[in-house]
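S.K.:
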Amino acid sequence: MQLVAHNPSQFGAESDLLQPLQRLITSIDQSIMKANLYKNCCKQMFERNLQEDHQFNERMKGITIEMFEKWDRVATDDMPDKRKLMAIVALALCHMFMFEKVDKKMMRTIWNSYKKLPTFHLYGYVIWSPCEFMLENLTEVDRVIDKKMIAAMIAAKSAQFIQNMEALPREAANAVNVVSEISFIGEISIF
0 MQLVAHNPSQ FGAESDLLQP LQRLITSIDQ SIMKANLYKN CCKQMFERNL QEDHQFNERM
60 KGITIEMFEK WDRVATDDMP DKRKLMAIVA LALCHMFMFE KVDKKMMRTI WNSYKKLPTF
120 HLYGYVIWSP CEFMLENLTE VDRVIDKKMI AAMIAAKSAQ FIQNMEALPR EAANAVNVVS
180 EISFIGEISI F
């Protein structure tokens with residue numbers, strides 16, 4: 000966008016429309032990166048009596064905790080399901096936004112996901128940390144998550160990054176071997 004803004008004639012663009020478009024894109028990008036879109040979806044206008052519906056509140060909280068416990072059991076023996084964890088964190092935060100109160104026990108339970116999956120790759124260069132997402136979005140974060148919990152999560156995240164960095168040379172060597180085998184097979188099939 001900046002390249003187009005500096006030389007609009009090269010791209011056949013009208014310069015008076017570029018700045019509003021650039022501001023809009025920047026605004027959307029900031030909303031996405033700061034999770035404002037998610038907050039706004041959760042905070043939309045619901046019926047007034049929703050916050051007073053204790054049965055729905057307890058049911059949503061119970062289902063979210065049950066989903067996490069099931070995820071945790073499966074993650075102990077198998078690869079942790081990234082999408083399911085994202086859904087669980089999203090549900091927990093949605094519950095908090097909808098009912099305008101933080102369930103300390105539920106949030107602390109879900110916080111423990113860092114022990115199995117501190118961070119994971121979403122796409123491109125984006126790495127997502129469930130606990131950091133919770134930190135950014137939790138209201139009354141100091142009351143729910145203490146400094147020891149944050150330090151433990153950061154240590155687990157650092158350990159995972161170190162482990163991934165140590166694995167990179169092996170993965171690169173394996174990729175080189177695979178490419179070499181493919182090119183060798185390609186040379187044989189030409190003859």
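For what it's worth, numbering that gives the first Met the number 0 labels the leading residue of the sequence shown as 0, then goes sequentially.
Cβ coordinates follow ideal geometry from the N, Cα and C atoms, glycine included.
Bear in mind that the values here come from a model prediction, so they are computed numbers and not experimental data.
1. In the DSSP assignment, what residue or residues form a beta bridge with VAL125?
2. Less than 8 angstroms between the CB atoms is what I'm expecting for VAL101 and MET133, so what's the real figure, rounded?
3. Please name the residue in HIS94, CYS40 and GLU99 whose C-alpha comes closest to that of MET105.
4. What three-state label does DSSP hand GLU19 in the structure shown?
5. Taking only the alpha-carbon atoms, compute the straight-line gap between SER182 and SER157 and give it to the nearest angstrom.
6. Three or more C-beta pairs closer than 8 angstroms, one from the region 109 to 121 and one from the region 144 to 157: is that the case here?
7. By how many angstroms is the C-alpha of LEU20 removed from the C-alpha of GLU131?
8. To the nearest angstrom, report how far apart TYR37 and ILE184 are at their CA atoms.
9. For ASP144, count neighbouring Cβ atoms within 10 angstroms of its own Cβ and tell me buried if that reaches 16, exposed if not.
10. Please report the residue range of the alpha helix (DSSP H) in which MET105 lies.
11. Smallest Cα separation from PHE119: which of LYS81, VAL177 and ASP52?
12. If PRO117 and GLN159 are in contact, beta carbons under 8 angstroms, what's the gap, nearest whole angstrom?
13. Can you tell me which of HIS5, MET97 and VAL175 puts its alpha carbon nearest to the alpha carbon of ASN56?
14. Check ILE144 in the structure and name its three-state DSSP category.
15. If we require 4 or more residues per run, which alpha helix (DSSP H) segments fall completely within the region 17 to 101?
16. Helix or strand or just coil, what does DSSP make of LEU116?
17. Flag this pair as yes or no: are the beta carbons of LEU92 and ASN136 separated by less than 8 angstroms?
M.R.: On the basis of the coordinates in this document:
1. Paired residues: TYR122.
2. Incorrect: roughly 10 angstroms between the Cβ atoms, too far for contact.
3. Comparing Cα positions, the closest option is HIS94.
4. This sequence places Pro at residue 19; Glu is not what is there. Residue state, collapsed to three classes: helix.
5. 37 angstroms
6. yes
7. 31 angstroms
8. 49 angstroms
9. Residue identity check: residue 144 is Ile in the sequence provided, not Asp. ILE144 is buried by the Cβ-count criterion.
10. 103 to 110
11. The residue with the shortest Cα to Cα distance from PHE119 is LYS81.
12. 5 angstroms
13. Nearest option by C-alpha distance: MET97.
14. coil
15. 35 to 41, 53 to 76 and 81 to 98
16. coil
17. yes
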